[in-house]
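Asks: Just so we're aligned, residue 365 is where the sequence shown starts under this note's numbering, counting upward by one.
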Amino acid sequence: MTDDDLLRIQELRTEIRKHNVAYYDSDNPSISDQEWDHLMRELRNLEAKYPEAYDPTSPTENVGGTPSQIFAPVQHAVPMMSLDNAFDDSELDQWVKKIERRLESSTSISEFCCELKFDGLAISIRYEDGKLVQAATRGDGSIGEDVTHNVLTIRDIPKYIKGAPQVLEVRGEVYLRISEFEKLNKKAEQLGEKTYVNPRNAAAGSIRQKNSAVAAQRNLPFLGLPNRSDIWWTCS
Numbered sequence: 365m366t367d368d369d370l371l372r373i374q375e376l377r378t379e380i381r382k383h384n385v386a387y388y389d390s391d392n393p394s395i396s397d398q399e400w401d402h403l404m405r406e407l408r409n410l411e412a413k414y415p416e417a418y419d420p421t422s423p424t425e426n427v428g429g430t431p432s433q434i435f436a437p438v439q440h441a442v443p444m445m446s447l448d449n450a451f452d453d454s455e456l457d458q459w460v461k462k463i464e465r466r467l468e469s470s471t472s473i474s475e476f477c478c479e480l481k482f483d484g485l486a487i488s489i490r491y492e493d494g495k496l497v498q499a500a501t502r503g504d505g506s507i508g509e510d511v512t513h514n515v516l517t518i519r520d521i522p523k524y525i526k527g528a529p530q531v532l533e534v535r536g537e538v539y540l541r542i543s544e545f546e547k548l549n550k551k552a553e554q555l556g557e558k559t560y561v562n563p564r565n566a567a568a569g570s571i572r573q574k575n576s577a578v579a580a581q582r583n584l585p586f587l588g589l590p591n592r593s594d595i596w597w598t599c600s
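(1) Just curious, the beta strand (DSSP E) that Gly508 is in, first and last residue?
(2) Look at the alpha carbon of Tyr491 and the alpha carbon of Asp483, and state the distance between them as a whole number of angstroms.
(3) Measure the C-alpha to C-alpha separation of Tyr414 and Leu403 and round it to an integer number of angstroms.
(4) Name the DSSP beta bridge partners of Thr559, please?
(5) According to DSSP, is Val438 part of a helix, a strand, or is it coil?
(6) Compute every distance between the C-beta of Leu371 and the non-hydrogen atoms of the ligand COA, then say whether any falls below 8 Å.
(7) What does the alpha-carbon distance come out to for the pair Ile463 and Ala412?
(8) Drop a sphere of 10 angstroms on the beta-carbon of Arg466, count the other beta-carbons inside from all chains shown, and report buried for 16 or more, exposed for fewer.
(9) Pick out the complete beta strand (DSSP E) segments inside the stretch 452-526, 3 residues or longer, and give them in chain order.
(10) Indicate whether Ile571 and Val497 have their beta-carbon atoms separated by less than 9 Å.
(11) Taking the C-alpha atoms as reference points, what is the distance between Ala580 and Ala528?
(12) The alpha helix (DSSP H) with Val578 in it runs from where to where?
(13) By a C-beta neighbour count over all protein chains shown, 10 Å radius and 16 as the cutoff for buried, is Trp459 buried or exposed?
(14) Just tell me which of Ser543, Leu589, Lys558 has its CA closest to the CA of Arg582.
(15) Indicate whether the contact test is met: 3 or more Cβ pairs, each with one atom in the stretch 556-570 and one in the stretch 472-486, closer than 8 Å.
(16) Would you report the Cα separation of Trp597 and Gln554, rounded to the nearest angstrom?
(17) Can you check DSSP and say which residues form a bridge with Glu537?
(18) Beta carbon of Thr501, beta carbon of Phe435: below 9 Å?
(19) For Ser576, which residues of its own chain have a beta-carbon under 8 Å away from its beta-carbon, when the five flanking residues on both sides are left out?
(20) Looking at Arg519: is its Cβ nearer than 9 Å to the Cβ of Leu540?
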């Protein structure tokens, strides 16, 4: 590994950390998602090429941002991870092969079930004896932020689930429809207030604040994720 390669790795880590703070902690992105994806891709490629540059604090080894100190911390029973990206057919083929290896099947995958990604704020909701007792953000993947007071205002989320197991955790996305986002920004402009960059950050800004009346006024939907063992499970 040359000095230039090492310098580029360090530059990318510093730049991505800066953008992560703006995106996850301040809910005010400094670059587009596509630009961020390309920076991460370059860093992953360099780290794969030079394993001696491994650093457990690298952005490629961590998910999300730093939990805010204004919220109580929540330790996730199972880490909340993020989705991988594929930029071309080759990367998609690699992903398929990885899934086939995990399935340990001799049959190749030939069919997929696809859906659009709702870009919102990832939330983990905990029920005990059917009652909603806690809701937390992803945070850094291991420790999230307790935002129960705001999640309780979302009409899409049941406060009680009849017949639920003793402990149930459900994960999904709190998001904001484009029509509601446009109304929100229009009102902010009229009042001379700061507008949001995109619906995702408007949703995140609505949940990651102390005043639950704000979240209640913003008509935030919730989309529960499919029943997969890593994101929706029961435990004792």
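The C-beta atom is built at its ideal place from N, Cα and C for all residues, glycine as well.
Replies: According to the data block:
(1) As a working note, residue 508 is residue 144 in the sequence shown. Start and end: 507-509.
(2) Looking up residue 491 in the sequence shown gives position 127. Looking up residue 483 in the sequence shown gives position 119. So the two alpha carbons sit approximately 24 Å from each other.
(3) As a working mapping, residue 414 is identified with position 50 in the sequence shown. As a working mapping, residue 403 is identified with position 39 in the sequence shown. Between Tyr414 and Leu403, the C-alpha separation is close to 17 Å.
(4) As a working mapping, residue 559 is identified with position 195 in the sequence shown. DSSP, once it has assigned bridges, lists no residue as partnering Thr559.
(5) The residue labelled residue 438 in the question sits at position 74 within the sequence shown. Note: Val438 maps to strand in three-state DSSP.
(6) By its list of ligands, the structure shown contains no ligand whatsoever, and the ligand COA lies outside what it can speak to.
(7) Mapped onto the sequence shown, residue 463 falls at position 99. Mapped onto the sequence shown, residue 412 falls at position 48. Near 20 Å, if we compare the C-alpha coordinates of Ala412 and Ile463.
(8) One-based indexing of the sequence shown puts residue 466 at position 102. Arg466 is exposed by the Cβ-count criterion.
(9) 485-492, 495-501, 507-509
(10) Working through the sequence shown from its first residue, we reach residue 571 at position 207. Working through the sequence shown from its first residue, we reach residue 497 at position 133. No; because the gap between Cβ atoms is not below 9 Å, this pair is not in contact.
(11) As a working note, residue 580 is residue 216 in the sequence shown. As a working note, residue 528 is residue 164 in the sequence shown. About 26 Å.
(12) Taking the first residue of the sequence shown as 1, we reach residue 578 at position 214. Residues 576-581.
(13) As a working note, residue 459 is residue 95 in the sequence shown. Exposed.
(14) Along the sequence shown, one-based indexing puts residue 582 at 218. Looking only at Ser543, Leu589, Lys558, the smallest Cα-Cα distance to Arg582 is reached by Ser543.
(15) yes
(16) Taking the first residue of the sequence shown as position 1, residue 597 is located at position 233. Taking the first residue of the sequence shown as position 1, residue 554 is located at position 190. Low per-residue confidence applies at Trp597: pLDDT is 43, beneath 50, and the placement is therefore not dependable, though the value from the model is reported in the following sentence. Those two C-alpha atoms are separated by around 45 Å.
(17) Residue numbering aside, residue 537 sits at position 173 when the sequence shown is read from its first letter. Answer is Ala486, Leu587.
(18) Position 137 of the sequence shown holds residue 501. Position 71 of the sequence shown holds residue 435. Going by C-beta atoms, Thr501 is nearer than 9 Å to Phe435.
(19) Here residue 576 is taken as the residue at index 212 of the sequence shown, counted from 1. So the list reads His513, Asn514, Leu516, Thr517, once near-sequence residues are dropped.
(20) Sequence index remark: in the sequence shown, residue 519 carries index 155 (1-based). Sequence index remark: in the sequence shown, residue 540 carries index 176 (1-based). Against a cut-off of 9 Å, the Cβ pair of Leu540 and Arg519 comes out as no contact.
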